[in-house]
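> The opening residue of the sequence shown carries number 8 in the working numbering; numbering runs sequentially from there.
Glycine residues also receive a C-beta, built at the ideal position from the N, C-alpha and C atoms.
Sharing a structure, written as structure tokens. Questions coming.
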Amino acid sequence: MKTKLPAAPAGNLDQVVAAARRNREQREQDYREQALKLYPWICGRCAREFNRQNLHELTVHHRNHDHDFNPPDGSNWELLCLYCHDNEHQRHEEALAQAGASHGSGSQRGAATHNPFAGLKALLESRKEG
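See the structure below:
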């Protein structure tokens, strides 16, 4: 039987969540500002150029996918447009899933479990016999 932990007052939980969000936003703002000073405002993949009007569409991508690793020289960052950034993260997720599948680790997150042709052979054989 699991024991229930005492519930934190809703106000305290809201404050903790709000503080965590503020801290994350501040951290992101800090490395974003640094990256925008270090690098030209051009997507590192599609070479789309940005200006002050559309700069919000340019993101800072962490090359090693660790958002807490932010060396001041910017060696873990590259500027990517929203589309290329989403594509990069999708490719990374697919590579992780493929690596898990190829190593047989059993952690095939997102792997298909339904086989629509599972009974097809038996169905075709029964039709031949009948």
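Do L65 and F57 have their beta-carbon atoms positioned less than 7 Å apart in this structure?
yes
> Ordered along the chain, which non-local residues of its own chain (more than five positions away) have a Cβ less than 7 Å from that of N30?
none
> In angstroms, rounded to a whole number, what distance separates the CA positions of D37 and N77?
10 Å
> If you draw a straight line from the C-alpha of S114 to the C-alpha of A104, how long is it?
Confidence at S114 is low in this model, with a pLDDT of 46, below 50, so its placement is unreliable and no value can be given for it.
> What did DSSP end up calling C91 once you bin it into helix, strand or coil?
helix
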